[in-house]
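One structure is given below, encoded as structure tokens.
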Amino acid sequence: MQLMGRLIRQTRLDKKITAQNLADRAAISRTTLQKIENGDLTVEVGLVFEVAFIVGLKLFDLDESGISKKINQIDDRLALMPKYARKPVKVIKDDF
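Under our numbering, think of the first position of the sequence shown as 900, with each following residue one higher.
Here's what the structure looks like:
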């Protein structure tokens with residue numbers, strides 16, 4: 900989901916589609932779109948595929964070995980975009 904969310908965000912920004920416009924076209928809330936773009940696993944996979952289709956994202960064209968490489972490429976590209984387009988960095992404390 901993380902890869903899909905990042906691809907959706909990148910494609911949306913490349914096509915200069917606002918988050919609100921995409922949310923309206925998908926008939927979802929902007930909050931749900933943000934969850935999709937952040938790779939939140941609580942979002943129904945059908946909604947994720949619908950949003951991906953709306954932005955024109957090609958699905959199922961990567962092999963498993965290319966997924967981590969693609970995530971890194973997208974992160975590098977998003978790092979060059981304005982701050983609002985970048986995913987916030989969360990430090991997770993997992994000390995038990």
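Ideal placement from N, C-alpha and C gives every residue a C-beta, glycine not left out.
These numbers come from a predicted model, not from an experiment.
Consult DSSP for residue i and reduce its assignment to one of helix, strand or coil.
i: N937; result: coil
i: M903; result: helix
i: I970; result: helix
i: L979; result: coil
i: F943; result: Before going on, a small fix: residue 943 reads as Glu here, not Phe. Coil at E943, not helix or strand.
i: G965; result: helix
i: L956; result: coil
For the alpha helix (DSSP H) that contains residue i, what are its first and last residues?
i: A918; result: A918 to A925
Touching by the beta-carbon criterion (3+ pairs, under 8 angstroms), the region 932-949 and the region 966-976: They do not touch, by the three-pair rule.
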